[in-house]
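In the numbering used here, the protein residues as written are 7 to 253. Backbone N, C-alpha and C define an ideal beta-carbon position, used for all residues, glycine too. Working notes for the structure below.
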């Protein structure tokens with residue numbers, strides 16, 4: 007049985023797919039680049055790239071200092087710092103065009119099948135709640151306001167309390183339809199790879215603001231999906247990472 011799971015890491019499936027029959031090849035409409043907002047959802051504008059005052063750090067230093075950190079100071083994040091981290095992990099490099107939305111991380115076929123949620127626990131200017139990032143708008147919308155959010159996060163990560171000890175927890179979900187539109191059954195491995203790209207950028211960006219993070223792949227799938235209010239089928243949790251200032 008173990009060998010069957012190893013097949014996920016291979017690309018053998020690509021040779022079995024008739025790409026002339028994908029949704030893209032059939033002329034079906036492209037899925038939206040991020041989840042649409044409801045008319046009643048208020049967008050919270052973030053600090054734009056070029057407007058924040060983030061201390062510079064050399065790439066070599068950021069790579070050398072990068073490590074998983076599970077202990078955080080009590081200090082919160084500024085909205086400027088959160089804006090920078092969101093841009094670094096899923097933001098646009100340039101204005102989106104009709105065909106492309108080139109971001110700060112690579113994605114197979116520029117499909118970007120991830121959604122980014124932020125459990126804001128101590129972020130300047132934000133109420134304690136879960137927010138969703140809109141990369142095209144570089145803005146947030148509130149997704150859920152739950153009492154006892156720290157405890158719910160810990161419960162949804164099998165009691166890993168450091169997951170709710172930082173200033174904010176990044177939670178990535180996958181919307182497979184965005185990738186399936188072009189790649190059909192070859193989508194799932196590359197979605198997982200894309201998630202790793204985003205999280206590594208978070209590690210490096212944290213070093214520029216004297217913060218740390220720790221990638222977490224162990225969580226209660228159903229509890230985490232319920233926490234975010236996603237259906238667990240067309241959208242579901244794939245990765246998370248708490249962020250906090252280093253002690």
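| Item | Value |
| --- | --- |
| Of the residues 220, 222, 131 and 209, the one placed nearest residue 51, counting alpha carbons only | 131 |
| Beta-carbon contacts of residue 168 that lie in its chain and below 8 Å, excluding the five residues immediately before and after | 76, 77, 78, 220 and 248 |
| Range covered by the beta strand (DSSP E) that runs through residue 195 | Per DSSP, residue 195 belongs to no beta strand (DSSP E); it is in the alpha helix (DSSP H), 193-213. |
| Cross-strand partners of residue 248 (DSSP beta bridge) | 175 |
| Sub-9 Å separation of residue 123 and residue 176 beta-carbons | yes |
| Residues near residue 86 by beta carbon distance below 6 Å, same chain, minus five either side | 53 and 58 |
| Beta-carbon spacing of residue 18, residue 25 below 9 Å | no |
| Assigned secondary structure, residue 219 (DSSP; H/G/I helix, E/B strand, else coil) | strand |
| Per-residue burial, residue 11 [other beta carbons within 10 Å of its own, 16 or more giving buried] | exposed |
| Where residue 19 sits in the DSSP three-state scheme | helix |
| Chain-order list of residues whose beta-carbon lies under 8 Å from that of residue 157 (same chain, five-residue window excluded) | 170 |
| Close-in-space but distant-in-sequence residues of the same chain around residue 174 (CB under 7 Å, 5 per side omitted) | 83, 88, 124, 125, 126, 127, 129 and 249 |
| Inter-residue Cα distance where the pair is residue 99 and residue 135 | 28 Å |
| Cross-strand partners of residue 83 (DSSP beta bridge) | 129 |
| Helix, strand or coil at residue 140 according to DSSP, with G and I counted as helix | strand |
| Three or more C-beta pairs below 8 Å linking the region 141-160 and the region 191-209 | no |
| Residue 39 beta carbon less than 9 Å from that of residue 118 | yes |
| Given residue 43 as reference, the closest of 110, 244, 121 and 189 once Cα atoms are compared | 121 |
| Straight-line gap, residue 102 to residue 113 (C-alpha atoms, nearest Å) | 15 Å |
| Test item: CB-CB of residue 192 and residue 23 under 9 Å | yes |
| Cβ-based neighbour list, residue 252, same chain, cut-off 6 Å, excluding 5 preceding and 5 following | 216 and 218 |
| Selection from 67, 61, 27 and 148 that minimises the alpha carbon distance to residue 45 | 148 |
| Opening and closing residue of the beta strand (DSSP E) in which residue 146 lies | 145-150 |
| For residue 60, the first and last residue of its enclosing alpha helix (DSSP H) | Premise fails: residue 60 is in no alpha helix (DSSP H) and is neither H nor E. |
| Nearest residue (CA-CA) to residue 255, options 34, 116 and 61 | The structure shown does not extend to residue 255, since the chain spans only 7 to 253, so no value can be given for it. |
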